[in-house]
Amino acid sequence: MRSNPGAAKLLLEHGANPNTRSNEYPGEPPLMEAMMGHDDEAAEAAALLLSKGADVNGTEAYYRQTALHLAAELNRRGAARVLLAAGADPDAMSTWNKSPRSMFMDRGIDIDTLLPFNVAVNRFVQSRLDPWLKKDEYESAAGYTTRMKGKKAKVGELMGAAFERLRYEPSEVIDAYGASDPAEYFAVVTEVFFERPRALAAEAPAVYRELAELYRVHPLGW
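So the sequence shown is numbered by this note's numbering: it starts at 5 and just counts up by one.
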């Protein structure tokens, strides 16, 4: 991968396994080897490997480092953005107790600033949901609503109704993935709230108002 990206692309397009480890020490998967190129090359190679099914959190055999560890070690910020967007774990620990987060922090870089905006929003939403919503406990909007109290009950009831509506009425604004689960609906609609506030306010004004009150911001005024 690092010596001949063109050949690697050709091999992948003809069915080569994107997770086959190197026979050389320390047994790195191709995604880690891709980090050895210049940052733009590493980012392009990572995107290609990931599109062909590379394990974004795959590790080498000895120190349990991931590609994101190596991106941090080599200061491959562009490649790190690609990895993070694909779900790389910034807190994965190597056998020597280092995480990509701590390694970037050693360089004075907060890894969260490398997150694509929608990924950062999604993680923020999950952090807000976790104290009062466990996804595997909610299989319906009714379950989502009945566990709420006070203000949370109001938000839960409104979101539950909006979730049910999305299940049966496709939206031009809210991605259909939000209809897969109430918690996912909350995450998806929050992304729209920050990224396309006018569209959300036009299609679902009550949802926009509740999110504005919940987060105490008004993106329409930005």
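For glycine and all other residues, C-beta sits at the position ideal for the given N, C-alpha and C.
Predicted, not measured: the structure shown is a model, and the values here were computed from it.
| Check | Outcome |
| --- | --- |
| Close-in-space but distant-in-sequence residues of the same chain around A210 (CB under 7 Å, 5 per side omitted) | L162 |
| Helix, strand or coil at T70 according to DSSP, with G and I counted as helix | strand |
| Limits of the alpha helix (DSSP H) - the one that L52 falls within | 43-55 |
| Option nearest T24 by Cα separation, candidates A84, A90, L53 | L53 |
| Proximity of V192 and A203 at Cβ, strictly below 8 Å | no |
| Cβ distance (whole Å) where T70 is taken to contact G82 below 8 Å | With 8 Å as the limit, T70 and G82 do not qualify as a contact, their Cβ atoms being about 17 Å apart. |
| Coarse secondary structure for T63, derived from DSSP in three states | strand |
| Backbone secondary structure at I178 - three-state DSSP | coil |
| As assigned by DSSP and simplified to three states, the class of M39 | coil |
| Top-ranked residue by Cα proximity to G57, from A165, A89, V86, P22 | P22 |
| Close-in-space but distant-in-sequence residues of the same chain around E188 (CB under 7 Å, 5 per side omitted) | Y181, G182 |
| Inter-residue spacing [alpha-carbon to alpha-carbon] between L72 and N27 | 21 Å |
| Coil, strand or helix - I115 by DSSP | helix |
| Presumed contact (8 Å Cβ cut-off) between L224 and A205, rounded CB distance | 6 Å |
| Rounded straight-line distance, which links the Cα of P104 to that of A96 | 7 Å |
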